[in-house]
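Chemist: Protein chains in written order, with the working numbering: chain A, 13 to 91; chain B, 218 to 354.
I have a structure I would like to understand better, so I am pasting it below and will then ask my questions one at a time.
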Amino acid sequence: MSVEILEKEVVVRIPLDKYKNDSSIKKLVDELETLQVKESEYFYDVEAGSELEELLLEVKKDRRETMKPYLDSIKARLL
Amino acid sequence: MSILIKKSGKTFKQFQSLSLKHSFYIHYATIEEILKHHKKLLKASKLSENEFEIFESEVLNRVTIIQYNEIPTKIQDLSFLLVADIDEDDSAFVAASIYLSAILWSGDKPLYSGLHAKGFTNIFDATDIDKLLEENK
Chain A
13 MSVEILEKEV VVRIPLDKYK NDSSIKKLVD ELETLQVKES EYFYDVEAGS
63 ELEELLLEVK KDRRETMKPY LDSIKARLL
Chain B
218 MSILIKKSGK TFKQFQSLSL KHSFYIHYAT IEEILKHHKK LLKASKLSEN
268 EFEIFESEVL NRVTIIQYNE IPTKIQDLSF LLVADIDEDD SAFVAASIYL
318 SAILWSGDKP LYSGLHAKGF TNIFDATDID KLLEENK
């Protein structure tokens, strides 16, 4: 097994021919999967369900009201 | 706006690095949003009110504000038509980008992919900003 720490990721190489039936490897993979952060459906680099996602969604929702006069003037010109 | 949420976060660090070589612009609509959500931004920043005010000034002092009426109506209309089926509420930001011939920095996935699908590639997400910083080294 080898472990390489790069700038943005850790690469773990496990020779499967030797360990593929090893239950401890399966357990390790399961644990690593639970560590994965689920990214927001709407924003890059934002965790799904996080306080940040909630705030950004609220800002986005309120944008409709902020932009209304601006958008109304464009629509009036285009119609 | 994400820049203001976390002083120790990646977005602010990218902003700091980029501001050494690039100019930043912010649409007045974002200032309105900052004022509107000030309390929530302050809470999310985990800074004291005083610290947040200093941090906010540090960011806003490095940006130029673009007013709604500064952008020619032709560009406003074109931008609206471009994003109408993505999210019309973002059209002012796209208009500012076209007007200034500047990169639109956004982490908004539907806007990013929607604009890219239409051939507008002057919108950068955090990964694109990382690449830009690498190129600037």
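For every residue, glycine included, the Cβ atom is placed at its ideal position computed from N, Cα and C.
Residues in the region 250 to 262 of chain B with C-beta within 7 Å of chain A's C-beta atoms, listed in sequence order?
Modeler: Residues of the region 250 to 262 of chain B with a Cβ closer than 7 Å to any Cβ of chain A, in chain order: Glu250, Lys253, His254, Lys257 and Ala261.
Chemist: Since Glu63(A) meets chain B, which of its residues come closer than 7 Å, beta carbon to beta carbon?
Modeler: Here the question's residue 63(A) lines up with position 51 in the first sequence. Ala261, listed in chain order.
Chemist: Does Leu67(A) come within less than 8 Å of chain B when only Cβ atoms are used?
Modeler: Taking the first residue of the first sequence as 1, we reach residue 67(A) at position 55. Chain B contact via Cβ: present.
Chemist: Where does Ser14(A) fall in DSSP's three states?
Modeler: Taking the first sequence and counting its residues from 1, one reaches residue 14(A) at position 2. The three-state reading of DSSP puts Ser14(A) in strand, counting E and B together.
Chemist: If we call anything under 8 Å between Cβ atoms a contact, is Glu287(B) one with Thr78(A)?
Modeler: Locating residue 287(B) in the second sequence gives position 70, where the first residue counts as 1. Locating residue 78(A) in the first sequence gives position 66, where the first residue counts as 1. No, the Cβ-Cβ distance between Glu287(B) and Thr78(A) is not below 8 Å.
Chemist: Quick check on Phe229(B): does DSSP put it in helix, strand or coil?
Modeler: In the second sequence, residue 229(B) corresponds to position 12, counting from 1. In this structure, Phe229(B) counts as helix in the three-state DSSP scheme.
Chemist: Please identify the residue among Asp345(B), Glu266(B) and Phe232(B) whose C-alpha is closest to the C-alpha of Leu277(B).
Modeler: Here residue 277(B) is taken as the residue at index 60 of the second sequence, counted from 1. Comparing Cα positions, the closest option is Phe232(B).
Chemist: Relative to the C-alpha of Thr247(B), which candidate in Trp322(B), Lys335(B) and Asp345(B) has its C-alpha closest?
Modeler: Here residue 247(B) refers to the residue found at position 30 of the second sequence. Checking every option, the nearest Cα to that of Thr247(B) belongs to Trp322(B).
Chemist: Are the CB atoms of Val280(B) and Ile315(B) nearer to each other than 8 Å?
Modeler: Locating residue 280(B) in the second sequence gives position 63, where the first residue counts as 1. Locating residue 315(B) in the second sequence gives position 98, where the first residue counts as 1. No, the pair does not count as a contact, with Cβ atoms beyond the cut-off.
Chemist: When Cβ atoms are compared, which residues of the region 285 to 307 of chain B fall closer than 7 Å to chain A?
Modeler: The region 285 to 307 of chain B vs chain A, Cβ under 7 Å: Tyr285, Thr290, Gln293, Asp294, Phe297, Glu305 and Asp306.
Chemist: Out of Ser308(B), Gly324(B), Lys223(B) and Leu350(B), which has the shortest C-alpha to C-alpha gap to Leu264(B)?
Modeler: On the second sequence, position 47 is the one that residue 264(B) refers to. Leu264(B) has its Cα closest to that of Lys223(B), out of Ser308(B), Gly324(B), Lys223(B) and Leu350(B).
Chemist: Using C-beta distances below 7 Å, list every residue in its chain close to Glu305(B), excluding the 5 sequence neighbours before and after it, in chain order.
Modeler: Position 88 of the second sequence, counted from the start, is the residue given in the question as residue 305(B). Here the set comprises Phe297.
Chemist: Between Gly331(B) and Asp57(A), how many whole angstroms is the CB-CB distance? I'm expecting something under 8 Å.
Modeler: As a working mapping, residue 331(B) is identified with position 114 in the second sequence. As a working mapping, residue 57(A) is identified with position 45 in the first sequence. Contact doesn't hold; Cβ gap of about 18 Å is too wide.
Chemist: So Arg279(B) is in the beta strand (DSSP E); what residue range does that whole segment cover?
Modeler: As a first step, residue 279(B) must be located in the second sequence, where it is residue number 62. Note, Arg279(B): premise wrong, no beta strand (DSSP E); not H, not E.
Chemist: Once DSSP output is grouped into helix, strand and coil, what is the label at Val23(A)?
Modeler: In the first sequence, residue 23(A) corresponds to position 11, counting from 1. In this structure, Val23(A) counts as strand in the three-state DSSP scheme.
Chemist: List the whole-angstrom C-beta distance separating Ile37(A) from Ile26(A), where the pair is believed to meet the contact cut-off of C-beta under 8 Å.
Modeler: Mapped onto the first sequence, residue 37(A) falls at position 25. Mapped onto the first sequence, residue 26(A) falls at position 14. With 8 Å as the limit, Ile37(A) and Ile26(A) qualify as a contact, their Cβ atoms being about 6 Å apart.
Chemist: List, in chain order, every chain A residue whose beta-carbon is nearer than 8 Å to that of Ile222(B).
Modeler: Sequence index remark: in the second sequence, residue 222(B) carries index 5 (1-based). What Ile222(B) touches in chain A: Leu64 and Leu67.
Chemist: Considering only the beta carbon of each residue, do Ala261(B) and Leu69(A) sit closer than 8 Å?
Modeler: Counting from one through the second sequence, the residue named residue 261(B) turns up at place 44. Counting from one through the first sequence, the residue named residue 69(A) turns up at place 57. Result no, Cβ atoms of Ala261(B) and Leu69(A) do not sit closer than 8 Å.
Chemist: Taking all protein chains shown into account, do 16 or more other C-beta atoms lie within 10 angstroms of the C-beta of Val71(A), making it buried, or fewer, making it exposed?
Modeler: Numbered from its first residue, the first sequence carries residue 71(A) at position 59. Per the 10 Å Cβ criterion, buried.
Chemist: Could you tell me which residues DSSP puts in a beta bridge with Phe55(A)?
Modeler: Along the first sequence, one-based indexing puts residue 55(A) at 43. Note: Phe55(A) sits in a beta bridge opposite Asp325(B).
Chemist: By Cβ distance, which residues of its chain are closer than 6 Å to Val300(B), with the 5 residues on each side in sequence left out?
Modeler: In the second sequence, counting from the first residue as 1, residue 300(B) sits at position 83. Hits under 6 Å: Asp307, Ser308 and Val311.
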